[in-house]
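Residue 622, in the numbering used here, is where the sequence shown stops; the numbers in between run on with no holes.
Heads up, the beta-carbon is just placed ideally off N, CA and C, and yes, glycines get one too.
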Amino acid sequence: MQNMPVFPIVVFFEEDSSKVEFADSDEAGVTLEWFDSEDPEERSIVTDAQGRRVVLKVEKLIVQVCALADPI
Numbered sequence: 551m552q553n554m555p556v557f558p559i560v561v562f563f564e565e566d567s568s569k570v571e572f573a574d575s576d577e578a579g580v581t582l583e584w585f586d587s588e589d590p591e592e593r594s595i596v597t598d599a600q601g602r603r604v605v606l607k608v609e610k611l612i613v614q615v616c617a618l619a620d621p622i
């Protein structure tokens, strides 16, 4: 379990300096709809409650990936 993100997860959008916090992966899926934190065009940083980088990918409202970027 130590390589799993700890909620809440925060997405920081560099474009407008806004932040969105998600209490769970379902909330992230519904809110983001289509999102890939590894896509440079997103210009975002995703972190968990412990400040660790998270890879988050959502397609058609379904979270495909929610994992630590550098698992231990």
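Next on the checklist: In the DSSP assignment, the beta strand (DSSP E) including residue 599 goes from what residue to what residue?
Outcome noted: Neither: residue 599 is in no beta strand (DSSP E) and is coded neither H nor E.
Checklist entry - Are the beta-carbon atoms belonging to residue 611 and residue 580 less than 9 Å from one another? => result yes
Checklist entry - Candidates 583, 554, 617 and 606: which alpha carbon is nearest residue 590's? => result 606
Next on the checklist: In this structure, how does DSSP classify residue 582 when only helix, strand and coil are distinguished?
Outcome noted: helix
Next on the checklist: Comparing C-alpha positions only, which one of 577, 556 and 587 sits nearest to residue 563?
Outcome noted: 587
Checklist entry - Does the beta-carbon distance from residue 582 to residue 561 come in below 9 Å? => result yes
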